[in-house]
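First to last, the sequence lines map onto chains A and R. Mapped onto UniProt numbering, the consecutive letters of the first sequence carry residue numbers 1 to 452. Mapped onto UniProt numbering, the consecutive letters of the second sequence carry residue numbers 1 to 474. For glycine and all other residues, C-beta sits at the position ideal for the given N, C-alpha and C. Quick caveat, the model's predicted, so the values are computed rather than measured. Working notes, structure below.
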Amino acid sequence: MSERVPFPEQVSAAPEVVERFGDLHPPFDRQAAVPEANRCLYCFDAPCTIACPTHIDVPSFIKKIASGNLSGSARTILDANILGASCSRACPVEVLCEGACVMHRYNKQPIQIARLQRFAMDTLYESGAPLPFEPGPETGLSVALIGAGPASLACAAELRRRGIRADLYDAHPLPGGLNTYGIAEYKLPLVESLREIEMLSQLGVEFHFETKVDAAGLAELERTHDAVFLGIGLGAIHQLGVAGEQLAGVTNALDLIAGYKSGALTTVPKRVVVVGAGNTAIDAAIASVRLGAREVHILYRRGQEQMSAFAFEYEHAKHEGVKFLWHVQPTGIRGDGAVKGLELTRLAATEDGSIVPEKDSAFVLEADLIVLSIGQATHADFLSGPSSGFGKIQLERGRIVIDRATGQTSQPKFFAGGDCTNGGREVVDAVADGKRAGIGIAGWLGVQHVKV
Amino acid sequence: MSKSKPTLASTFCGIECLNPFWLASAPPTNCGEQIMRAFDAGWGGAVWKTIGEPITNVSSRYSSIDWEGRRMMGFNNIELISDRPIEVNLQEIAEVKRRYPKHVVIASLMVESKRESWHDIVQRAEDAGADGLELNFGCPHGMSERGMGSAVGQVPEYCEQITGWVKEKARTPVIVKLTPNISDIRVPARAAKRGGADALSAINTINSITGIDLDTFQPSPNVDGKSSHGGYCGPAVKPIALNMVQQIQADTASMLPLSGIGGIGSWRDAAEFILLGCSTVQVCTAAMHYGYRIVEDMQDGLLNWMAEKGFATIEDFRGLSLPNVREWKQLNLNYQIVARIHEDLCIGCQLCYTACWDGAHQCIHLDRTSPAPDTTLTPGMVEAESARRISTTPIPKLDAGTSGRTNAITPLERIPRVDEHHCVGCNLCSLVCPVENCITMERIDKDLPFESWEERVAKGLITSGTGEVMSTNT
């Protein structure tokens, strides 16, 4: 491999961002980690392990922290989840491992699994030790992976451990997908995402950046590789479809988050309105607060009970000072060159469950920046188009249909996982998909018996 | 029973005690200033750190065992007897007794095994005002190499002879402190009694090596890279001490008033030693760990417990548990219990399940939700099966019904089931269960009369040839 600059060294965090986006959950030190690890009951067939999409053997890695076997602990985590460090920070553990902890039923706080996992992973990185895995003996087989997000990275790790060549293609200049560009900095700093992927590259993964793969390109990759993994995620954020959307001062949540994480954006104007009430909307709203906005509103067509954000994310946003406006719909954007305000209409729920505009309820919410976070479109259509040389891959509502256990699509040579198959879930779900697909591809290629 | 306020005041081999809590002969009783502070804190007595020809110590001298984040579960030392001149110690004893006439000061003594040496030190200690003498026949390190300490305690003849020499001269009660580094503690105890001892104290520290540094390969405590066997004490040794106390108190040839030592750190520990026949207790490690102030709760807790139980004095409950310790062959073979899991308390950790499978008798199963109980699944199969399940992060909007999932109730599939017909009543599950009272052991014996191994042999139900029962206590 030619000399290249390690991923984390290709970026430098903006000092404003570093200062304003400190750790949401501060790391453990050894004095705190060991007693917490000892609090773990070491459940049999542990509910936390079952709840984790990647099935990390949680009691086992925690036991190893308690005994001081920190490298063993990190290996246990990475063996199940090659992005164990990112997941320890980005996972909504409240609804996953920690949510499943039996301690809840003992009127006790759950074991702080995420912080323990981060402790083990941080210790591994700080020790300077290499990734505790080696690539398998080369089989001569190769797989092209489209997208370098969590699903493809996890898939690539399984392939490399089995001696299968993994070529990753991504449109961005850096790997990681949403891990690198899309997760709130106080959860997962950009450099931390890259640090983990840098380690993964020790398995001999080949990266091809700033490479967009279209139908023709895909047909070529299909011809030159033994299998193709589609980890293409989702497409652009939806538009409102109202007048004034082209004005300066209208952006979307992903651009806002990627902007401040990469240091391109270090401040926002006074009044910010975020449209949508999902977890990404919450991240964008909190980022706006931390980037200097005085007043941040989140707008949602429906009520609090229908929002897709996790309850703890909602609480966090309120704690940061974000205000919520329920049952309102944007009808237009006002401004003269730049945004000045958002025209809104109040909505009322009808008996049949639909929502209808309330009469004479229009009002204007003044705003300097409007951030759209109303869901992402799919962009998998090119896979089933008539021009695709490999036959149609079955889609459903724009999502790639796969066999859940192996990730295989309707075209046997194509596998898929992550947001492009599930419509948008968590990093850990993408990792689990990628892992299953990696094992599935190896099995389909007949190398499942390689010892990993 | 008496409703009046209980008292901790008692008498031990003729010595009046304000309370039964004494500091053992050790660093906390090294000098008069310390002992006076201890008396101010509430200790009823102190055994002065062993007086003899001053020695030179090494550094370091202590090491310990931590357990799951708790410090000093077991403690070890290679410190020797007092490093201060005999004369200074004796002057300070006199000063302490002058200021604290009602508190007990016992002089712990250790000199070379010569009659004149012992006569001399006994006389000087008593002249200084000591209320009693404790003969240190137990120190396992350093002094034993010089023919003192446990070198005496391990040889009954020496034990008896030196006790005799001391008794020739002593006007105050003589307490012999026994070493546990011996196969049967009753042997030196009987020897001390034959020698005329007025009382015993037990146990001294147990020979130990606490651990090895995995980076340097040096044992601890580290003295310039080397170490030596030391004396083990602290919470870890209490069960061993209780057993030895019981052995002494259950043996008529060794039974004497006894001061209990070994892992005592709270009133509960003290109550247990007294229930096995001790009149006073001696504390060291706990005081070294937390300071003299621990005695406040020891007094307060014991008094409250005594009031609850209706005991007016220490004598009211001293030795009450002795009749309950028997030889194995005298236990009731017809007593049968089984484990019962209380579903309303079970949190589903399944530690009982895996403990029963791997560590006991395979009587707990996970088949509450199977259509027909499938007892053929091994724990390994159960675990492998669940790892194959596909889990996803529940998103409220995408996964209707999962957002409101509650952790309040344990799913039935996670609550293990005890096969009561096969349960042997070993008790392991209830010991590993992290929730108090979740697994209880229920009596199920079917009105069968008491019957022991001994009785079965006597009735001819079992041939005595196979009836030799192993017991470490016999």
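In the displayed model, Glu-206/A falls within a strand according to three-state DSSP. Of all residues in the region 52-83 of chain A, only Cys-52, Pro-53, His-55, Ala-66 place a beta-carbon less than 8 Å from a beta-carbon of chain R. Tyr-300/A counts as buried, since no fewer than 16 other beta carbons sit within 10 angstroms of its beta carbon. Annotation for Asn-279/A: Ala-309, Glu-313 place their beta carbon closer than 6 Å to its own, counting only its chain and skipping 5 residues before and after.
Contact between the region 123-143 of chain A and the region 389-402 of chain A is not established, with fewer than three Cβ pairs separated by less than 8 Å. Distance between Asp-367/R and Leu-369/A, taken at the CA atoms: about 58 Å. Judged by DSSP in its simplified three-state form, Phe-39/R adopts helix. Close to Leu-351/R, with beta-carbon spacing below 9 Å, are these residues of chain A in chain order: Leu-41, Tyr-42, Cys-43, Phe-44. No Cβ-Cβ contact shorter than 9 Å links Ser-86/A with Ala-253/A. When DSSP states are grouped into helix, strand and coil, Ile-439/R belongs to the strand group. Against Glu-158/A, chain R offers no close residue; the least beta-carbon distance is about 16 Å (beta-carbon pairs closer than 7 Å). Per DSSP, the unbroken alpha helix (DSSP H) holding Pro-156/R starts and ends at 156-169. Assignment of beta strand (DSSP E) within the region 259-339 of chain R, counting only whole runs of 3 or more residues, yields 280-283 in chain order.
In this chain, the alpha helix (DSSP H) harbouring His-119/R covers 115-128.
Boundaries of the alpha helix (DSSP H) harbouring Ser-386/R: 379-387, taken from the DSSP string.
The C-beta of Asn-422/A has 16 or more other C-beta atoms within 10 Å across all chains shown, which makes the residue buried. For Ser-60/R, no CB of chain A lies under 9 Å from its own CB, so it is not counted at the interface with that chain. For Val-102/A, the chain R residues whose Cβ falls inside 7 Å of its Cβ are Ile-347, Gly-348, Cys-349, in order along the chain.
In the three-state reduction of the DSSP assignment, Ser-108/R falls in the strand class, which pools E and B.
Closer than 9 Å to the CB of Ala-387/R there is at least one CB belonging to chain A. Listed in chain order, the positions of the region 240-254 of chain A with a beta carbon within less than 8 Å of a beta carbon of chain R would be empty, since no residue qualifies.
With contacts defined by Cβ atoms closer than 9 Å, Ser-259/R and Gly-230/R do not form a contacting pair. For Ile-50/A, the neighbours in chain R by C-beta distance under 9 Å run, in chain order, Ser-386, Ala-387, Arg-389, Ser-391. A contact is defined here as three or more CB-CB pairs under 8 Å, and the region 22-30 of chain R meets this definition with respect to the region 39-48 of chain R. Here Leu-320/R has Leu-275 as same chain residues with Cβ atoms under 6 Å from its own Cβ, once five neighbours each way along the sequence are excluded. Close partners of Val-428/A in chain R (Cβ separation under 8 Å): Thr-393.
For Glu-95/R, the uninterrupted alpha helix (DSSP H) run begins and ends at 86-99, by DSSP. Lys-5/R has its alpha-carbon roughly 9 Å from the corresponding atom of Met-306/R. Collapsing the DSSP output to three states places Asp-251/R in coil. At a beta-carbon threshold of 8 Å, the residues of chain R lying near Pro-35/A are Glu-68, Gly-69, ordered along the chain. Only residues of its own chain outside the window of five on either side were considered, and among them His-342, Leu-345, Cys-346 have a CB closer than 6 Å to the CB of Cys-438/R, listed in chain order. For Pro-150/A, the CB contacts under 6 Å within the same chain, skipping 5 residues up- and downstream, are Leu-83, Asn-179, Val-427, Ala-430, Val-431 in chain order. Within a 10 Å sphere around the beta-carbon of His-297/A sit 16 or more other beta-carbons, which makes this residue buried.
Assignment of Glu-145/R by DSSP, reduced to helix, strand and coil, places it in the helix class.
Against Val-281/R, chain A offers no close residue; the least beta-carbon distance is about 30 Å (beta-carbon pairs closer than 9 Å). Taking the C-beta atoms as reference points, Gly-418/A is found nearer than 9 Å to Ser-152/A.
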